[in-house]
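Novice: Numbering (this note's numbering), first residue to last: -6 to 270. Sharing a structure, written as C-alpha coordinates. Questions coming.
Take a look at the structure:
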(Lines of atoms letter the chains of each structure in order from A and count residues from 1; the text may use other names and numbers.)
(Lines give C-alpha, C1' and ligand atoms only; values in the text may rest on other atoms or scores of the structure.)
Protein backbone atom coordinates (compact mmCIF):
# COMPACT_ATOMS: atom_id res chain seq x y z
CA UNK A 1 0.00 0.00 0.00
CA UNK A 2 1.48 3.35 -1.09
CA UNK A 3 2.36 5.84 1.61
CA UNK A 4 0.43 9.05 1.34
CA UNK A 5 2.33 12.24 2.22
CA UNK A 6 0.15 15.02 3.43
CA UNK A 7 0.55 18.34 1.65
CA UNK A 8 1.21 20.23 4.88
CA UNK A 9 4.33 18.11 5.48
CA UNK A 10 6.07 19.09 2.22
CA UNK A 11 6.97 22.67 3.09
CA UNK A 12 8.43 21.55 6.43
CA UNK A 13 10.58 18.91 4.71
CA UNK A 14 11.79 21.40 2.14
CA UNK A 15 12.40 24.08 4.73
CA UNK A 16 14.63 21.96 6.95
CA UNK A 17 17.70 21.94 4.64
CA UNK A 18 17.34 25.69 4.04
CA UNK A 19 17.06 26.30 7.79
CA UNK A 20 20.15 24.19 8.44
CA UNK A 21 22.12 26.12 5.81
CA UNK A 22 20.94 29.45 7.24
CA UNK A 23 21.76 28.34 10.78
CA UNK A 24 25.21 27.17 9.74
CA UNK A 25 25.84 30.48 7.94
CA UNK A 26 24.77 32.44 11.02
CA UNK A 27 27.10 30.41 13.23
CA UNK A 28 29.97 31.04 10.82
CA UNK A 29 29.30 34.79 10.82
CA UNK A 30 29.16 34.80 14.62
CA UNK A 31 32.49 33.00 14.82
CA UNK A 32 34.08 35.51 12.44
CA UNK A 33 32.62 38.36 14.46
CA UNK A 34 33.92 36.94 17.75
CA UNK A 35 37.36 36.34 16.23
CA UNK A 36 37.49 39.90 14.85
CA UNK A 37 36.50 41.37 18.23
CA UNK A 38 39.08 39.29 20.09
CA UNK A 39 41.81 40.16 17.61
CA UNK A 40 40.93 43.87 17.92
CA UNK A 41 41.31 43.70 21.71
CA UNK A 42 44.52 41.67 21.35
CA UNK A 43 45.95 44.32 18.99
CA UNK A 44 45.13 47.13 21.41
CA UNK A 45 46.97 45.31 24.21
CA UNK A 46 49.86 43.81 22.24
CA UNK A 47 50.85 46.99 20.34
CA UNK A 48 51.15 48.95 23.63
CA UNK A 49 50.09 52.23 22.02
CA UNK A 50 51.29 55.31 23.86
CA UNK A 51 48.17 57.50 23.91
CA UNK A 52 49.98 60.16 25.95
CA UNK A 53 51.72 61.23 22.72
CA UNK A 54 48.43 62.16 21.04
CA UNK A 55 47.99 65.57 22.68
CA UNK A 56 51.57 66.80 21.95
CA UNK A 57 51.21 65.32 18.47
CA UNK A 58 48.11 67.42 17.78
CA UNK A 59 50.07 70.54 18.73
CA UNK A 60 52.97 69.63 16.42
CA UNK A 61 50.53 68.84 13.61
CA UNK A 62 48.85 72.22 13.99
CA UNK A 63 52.25 73.95 13.95
CA UNK A 64 53.23 72.08 10.76
CA UNK A 65 49.96 73.02 9.07
CA UNK A 66 50.64 76.65 9.98
CA UNK A 67 54.02 76.48 8.24
CA UNK A 68 52.31 75.32 5.03
CA UNK A 69 50.56 78.64 4.44
CA UNK A 70 50.77 80.37 2.12
CA UNK A 71 51.71 77.64 -0.40
CA UNK A 72 54.99 78.26 -2.23
CA UNK A 73 54.61 77.95 -6.03
CA UNK A 74 58.13 79.09 -6.87
CA UNK A 75 59.03 75.63 -8.21
CA UNK A 76 55.86 75.31 -10.28
CA UNK A 77 57.68 74.33 -13.48
CA UNK A 78 59.36 71.34 -11.86
CA UNK A 79 56.14 70.35 -10.11
CA UNK A 80 54.03 70.51 -13.28
CA UNK A 81 56.60 68.53 -15.27
CA UNK A 82 56.62 65.91 -12.52
CA UNK A 83 52.81 65.84 -12.58
CA UNK A 84 52.84 65.22 -16.33
CA UNK A 85 55.37 62.44 -15.78
CA UNK A 86 53.07 60.81 -13.20
CA UNK A 87 50.20 60.90 -15.69
CA UNK A 88 52.43 59.36 -18.36
CA UNK A 89 53.56 56.60 -16.00
CA UNK A 90 49.94 55.83 -15.08
CA UNK A 91 48.77 55.80 -18.72
CA UNK A 92 51.59 53.58 -19.97
CA UNK A 93 51.38 51.11 -17.07
CA UNK A 94 47.59 50.90 -17.17
CA UNK A 95 47.28 50.51 -20.96
CA UNK A 96 49.92 47.78 -21.14
CA UNK A 97 48.28 46.05 -18.18
CA UNK A 98 44.85 46.27 -19.85
CA UNK A 99 46.13 44.68 -23.06
CA UNK A 100 47.81 41.77 -21.24
CA UNK A 101 44.88 41.18 -18.86
CA UNK A 102 42.34 41.40 -21.70
CA UNK A 103 43.78 38.40 -23.53
CA UNK A 104 44.52 36.35 -20.42
CA UNK A 105 41.00 36.86 -19.01
CA UNK A 106 39.42 34.91 -21.89
CA UNK A 107 41.67 31.96 -21.03
CA UNK A 108 40.82 32.23 -17.32
CA UNK A 109 37.01 32.61 -17.37
CA UNK A 110 35.37 29.34 -16.36
CA UNK A 111 32.49 29.57 -18.84
CA UNK A 112 34.73 29.89 -21.93
CA UNK A 113 38.16 28.65 -20.78
CA UNK A 114 39.51 26.15 -23.35
CA UNK A 115 41.51 24.37 -20.64
CA UNK A 116 40.71 24.19 -16.92
CA UNK A 117 44.35 23.79 -15.92
CA UNK A 118 45.37 26.87 -17.90
CA UNK A 119 42.48 28.78 -16.29
CA UNK A 120 43.64 27.80 -12.80
CA UNK A 121 47.26 28.74 -13.55
CA UNK A 122 46.28 32.18 -14.86
CA UNK A 123 44.03 32.84 -11.85
CA UNK A 124 46.81 31.79 -9.47
CA UNK A 125 49.32 33.96 -11.32
CA UNK A 126 46.95 36.94 -11.11
CA UNK A 127 46.46 36.37 -7.37
CA UNK A 128 50.23 36.46 -6.86
CA UNK A 129 50.58 39.72 -8.79
CA UNK A 130 47.69 41.23 -6.84
CA UNK A 131 48.97 40.13 -3.44
CA UNK A 132 52.17 42.19 -3.73
CA UNK A 133 51.45 45.96 -3.41
CA UNK A 134 52.42 48.31 -6.24
CA UNK A 135 54.96 50.06 -3.99
CA UNK A 136 56.79 46.77 -3.37
CA UNK A 137 56.82 46.02 -7.11
CA UNK A 138 58.32 49.49 -7.66
CA UNK A 139 61.12 48.77 -5.17
CA UNK A 140 61.80 45.43 -6.87
CA UNK A 141 62.01 47.02 -10.31
CA UNK A 142 64.17 49.89 -9.02
CA UNK A 143 66.72 47.29 -7.96
CA UNK A 144 66.42 45.60 -11.37
CA UNK A 145 66.40 48.54 -13.81
CA UNK A 146 67.38 51.56 -11.70
CA UNK A 147 65.50 54.68 -10.68
CA UNK A 148 63.26 56.74 -12.95
CA UNK A 149 59.85 56.35 -14.60
CA UNK A 150 60.53 52.85 -16.01
CA UNK A 151 60.18 50.95 -12.68
CA UNK A 152 57.00 52.96 -12.04
CA UNK A 153 55.51 51.89 -15.37
CA UNK A 154 56.48 48.26 -14.75
CA UNK A 155 55.11 48.27 -11.20
CA UNK A 156 51.75 49.72 -12.25
CA UNK A 157 51.57 47.35 -15.23
CA UNK A 158 52.22 44.22 -13.14
CA UNK A 159 49.72 45.11 -10.43
CA UNK A 160 47.15 46.19 -13.04
CA UNK A 161 47.46 42.81 -14.78
CA UNK A 162 46.75 40.99 -11.50
CA UNK A 163 43.75 43.16 -10.64
CA UNK A 164 42.23 43.37 -14.11
CA UNK A 165 42.42 39.64 -14.79
CA UNK A 166 40.20 39.12 -11.75
CA UNK A 167 37.54 41.71 -12.66
CA UNK A 168 37.65 40.95 -16.40
CA UNK A 169 37.16 37.27 -15.65
CA UNK A 170 34.18 38.00 -13.40
CA UNK A 171 32.60 40.19 -16.09
CA UNK A 172 33.03 37.46 -18.71
CA UNK A 173 31.56 34.83 -16.41
CA UNK A 174 28.44 36.97 -15.92
CA UNK A 175 27.53 36.63 -19.61
CA UNK A 176 24.29 34.69 -20.11
CA UNK A 177 25.13 31.00 -20.47
CA UNK A 178 22.30 30.66 -22.99
CA UNK A 179 24.19 32.83 -25.48
CA UNK A 180 27.26 30.61 -25.25
CA UNK A 181 25.28 27.36 -25.47
CA UNK A 182 23.31 28.63 -28.47
CA UNK A 183 26.51 29.41 -30.36
CA UNK A 184 28.08 26.09 -29.41
CA UNK A 185 25.01 24.25 -30.71
CA UNK A 186 25.49 25.91 -34.10
CA UNK A 187 29.06 24.61 -34.28
CA UNK A 188 30.77 27.95 -33.63
CA UNK A 189 34.48 27.83 -32.81
CA UNK A 190 35.92 29.10 -29.54
CA UNK A 191 37.13 32.29 -31.22
CA UNK A 192 33.72 32.93 -32.77
CA UNK A 193 32.02 32.44 -29.40
CA UNK A 194 34.41 34.93 -27.82
CA UNK A 195 34.22 37.59 -30.54
CA UNK A 196 30.55 37.34 -31.49
CA UNK A 197 28.91 36.14 -28.28
CA UNK A 198 30.85 36.94 -25.11
CA UNK A 199 32.74 40.14 -25.98
CA UNK A 200 29.73 42.21 -27.16
CA UNK A 201 27.84 41.32 -23.95
CA UNK A 202 30.72 42.16 -21.61
CA UNK A 203 32.33 45.08 -23.48
CA UNK A 204 30.69 47.90 -21.50
CA UNK A 205 31.67 46.28 -18.18
CA UNK A 206 35.26 45.78 -19.37
CA UNK A 207 35.55 49.42 -20.44
CA UNK A 208 34.16 50.59 -17.08
CA UNK A 209 36.76 48.51 -15.25
CA UNK A 210 39.52 50.00 -17.45
CA UNK A 211 38.49 53.55 -16.58
CA UNK A 212 38.23 52.73 -12.89
CA UNK A 213 41.63 51.07 -12.95
CA UNK A 214 43.24 54.16 -14.47
CA UNK A 215 41.84 56.29 -11.63
CA UNK A 216 43.52 54.05 -9.06
CA UNK A 217 46.78 53.79 -11.00
CA UNK A 218 47.05 57.56 -11.31
CA UNK A 219 46.84 57.83 -7.52
CA UNK A 220 49.43 55.04 -7.23
CA UNK A 221 51.79 56.83 -9.63
CA UNK A 222 51.87 59.90 -7.37
CA UNK A 223 53.07 57.71 -4.49
CA UNK A 224 55.69 55.77 -6.46
CA UNK A 225 57.78 58.90 -6.98
CA UNK A 226 58.49 58.97 -3.25
CA UNK A 227 60.62 55.82 -3.63
CA UNK A 228 62.37 57.00 -6.81
CA UNK A 229 60.04 55.60 -9.47
CA UNK A 230 59.44 58.93 -11.19
CA UNK A 231 56.63 61.45 -10.96
CA UNK A 232 55.32 64.11 -8.65
CA UNK A 233 55.72 61.97 -5.54
CA UNK A 234 59.45 62.70 -5.59
CA UNK A 235 58.76 66.45 -5.42
CA UNK A 236 56.44 65.95 -2.44
CA UNK A 237 58.90 63.69 -0.65
CA UNK A 238 61.81 66.09 -1.31
CA UNK A 239 59.83 69.07 0.00
CA UNK A 240 58.83 67.24 3.18
CA UNK A 241 62.38 65.98 3.86
CA UNK A 242 63.70 69.51 3.34
CA UNK A 243 61.10 70.92 5.76
CA UNK A 244 59.73 73.15 2.97
CA UNK A 245 56.15 72.58 4.06
CA UNK A 246 54.81 75.48 1.99
CA UNK A 247 56.21 73.84 -1.16
CA UNK A 248 54.79 70.52 -0.04
CA UNK A 249 51.33 72.08 0.21
CA UNK A 250 51.57 73.37 -3.35
CA UNK A 251 52.59 69.92 -4.56
CA UNK A 252 49.67 68.42 -2.64
CA UNK A 253 47.24 70.86 -4.27
CA UNK A 254 48.57 69.93 -7.73
CA UNK A 255 48.12 66.23 -6.94
CA UNK A 256 44.57 66.88 -5.75
CA UNK A 257 43.66 68.83 -8.91
CA UNK A 258 45.25 66.18 -11.12
CA UNK A 259 43.45 63.24 -9.53
CA UNK A 260 40.16 65.13 -9.16
CA UNK A 261 40.17 66.20 -12.82
CA UNK A 262 40.78 62.67 -14.02
CA UNK A 263 37.98 61.40 -11.75
CA UNK A 264 35.51 63.93 -13.21
CA UNK A 265 36.42 62.91 -16.79
CA UNK A 266 36.23 59.20 -15.97
CA UNK A 267 32.83 59.61 -14.29
CA UNK A 268 31.48 61.26 -17.43
CA UNK A 269 32.90 58.46 -19.57
CA UNK A 270 31.31 55.80 -17.34
CA UNK A 271 27.96 57.66 -17.49
CA UNK A 272 28.08 57.72 -21.30
CA UNK A 273 28.94 54.02 -21.40
CA UNK A 274 25.96 53.21 -19.16
CA UNK A 275 23.66 55.16 -21.47
CA UNK A 276 24.98 53.32 -24.51
CA UNK A 277 24.56 49.97 -22.76
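Glycine included, C-beta positions come from ideal geometry on N, C-alpha and C. In this text, all values refer to a predicted model and were calculated from it rather than measured experimentally.
1. Would you mind reading off the limits of the alpha helix (DSSP H) that contains residue 62?
2. Report buried or exposed for residue 130, applying the criterion of at least 16 other Cβ atoms within 10 angstroms of its Cβ.
3. Are the segment 188 to 205 and the segment 159 to 177 touching, with three or more C-beta to C-beta distances below 8 Å?
4. Could you tell me the distance, in whole angstroms, from the CA atom of residue -6 to the CA atom of residue 12?
5. Leaving out five residues before and five after residue 212 in sequence, what residues of the same chain have Cβ atoms less than 8 Å from its Cβ?
6. Our contact map puts residue 57 next to residue 238 with C-beta atoms below 8 Å; I'd like the distance itself, whole angstroms only.
7. DSSP three-state label for residue 44, please.
8. For residue 210, tell me which candidate among 233, 105, 85, 99 has the shortest Cα-Cα distance.
9. On the DSSP letters alone, give me the boundaries of the alpha helix (DSSP H) that residue 77 sits inside.
10. Can you tell me whether residue 168 is helix, strand or coil according to DSSP?
11. Return the first residue and the last residue of the alpha helix (DSSP H) that residue 124 is part of.
12. What do you get for residue 28, buried or exposed, if any count of 16 or more other CB atoms within 10 angstroms of its CB means buried?
13. Could you check the C-alpha separation between residue 53 and residue 62 for me, to the nearest Å?
14. Measure the beta-carbon distance from residue 302 to residue 207 and round it to whole angstroms, keeping in mind my assumption that it falls under 8 Å.
15. Using the C-alpha atoms, what's the distance from residue 229 back to residue 240?
16. Give the straight-line distance between the Cα atoms of residue 46 and residue 16, rounded to the nearest whole angstrom.
17. Does the distance from the CB of residue 150 to the CB of residue 90 come in under 8 Å?
18. Return the CA-CA distance between residue 227 and residue 145, expressed in angstroms with no decimal places.
19. So, does the segment 160 to 179 touch the segment 95 to 105, judging by three or more C-beta pairs under 8 Å?
20. Which same chain residues end up closer than 6 Å to residue 0 when comparing Cβ atoms and leaving out the 5 residues on each side of it in sequence?
21. Where are the beta strand (DSSP E) runs, 3 residues long or more, that stay fully inside the segment 170 to 247, in chain order?
22. Between the beta-carbon of residue 124 and the beta-carbon of residue 218, is there less than 8 Å?
23. Using the beta-carbon count (16 or more within 10 Å), is residue 142 buried or exposed?
24. Going by C-alpha to C-alpha distance, which of 264, 191, 148 sits closest to residue 220?
25. Excluding the five sequence neighbours on either side, which residues of its own chain have a C-beta within less than 6 Å of the C-beta of residue 267, listed in chain order?
Specialist: Let's see:
1. Taken as a continuous stretch (DSSP letters only), residue 62 belongs to no alpha helix (DSSP H), as it is neither H nor E.
2. Around the CB of residue 130, 16 or more other CB atoms lie within 10 Å, so the residue is classed as buried.
3. Counting Cβ pairs under 8 Å, three or more are found: they touch.
4. Note that residue -6 scores 49 on pLDDT, short of 50, meaning its location in the model is unreliable and no value can be drawn from it.
5. Correct list, in chain order: 252.
6. Residue 57 to residue 238, Cβ: 6 Å. Contact.
7. Correct three-state label for residue 44: helix.
8. Of the candidates 233, 105, 85, 99, 85 places its Cα closest to the Cα of residue 210.
9. Element bounds for residue 77: 69 to 101.
10. The answer is coil: DSSP assigns residue 168 none of H, G, I, E or B.
11. Element bounds for residue 124: 109 to 124.
12. With fewer than 16 other Cβ atoms within 10 Å, it is exposed.
13. Distance between the alpha carbons of residue 53 and residue 62 is about 15 Å.
14. Given a span of -6 to 270 for the chain in the structure shown, any question on residue 302 remains unanswerable.
15. Those two C-alpha atoms are separated by around 8 Å.
16. For residue 46 and residue 16, the distance between alpha carbons rounds to 46 Å.
17. Yes, the pair counts as a contact, with Cβ atoms nearer than the cut-off.
18. In this model, residue 227 and residue 145 are separated by some 12 Å (Cα to Cα).
19. Contact holds: three or more Cβ-Cβ distances are below 8 Å.
20. Confidence is the limiting factor: at residue 0 the pLDDT is only 48, short of 50, which leaves the residue's position unreliable and the question unanswerable from this model.
21. Those beta strand (DSSP E) runs which fall completely within the segment 170 to 247 and span 3+ residues do not exist here.
22. With a cutoff of 8 Å on beta-carbon distance, residue 124 and residue 218 are scored as not near each other.
23. With 16 or more other Cβ atoms within 10 Å, it is buried.
24. Comparing Cα-Cα distances from residue 220 to each of 264, 191, 148, the minimum goes to 148.
25. Excluding positions up to five away in sequence, the list is empty.
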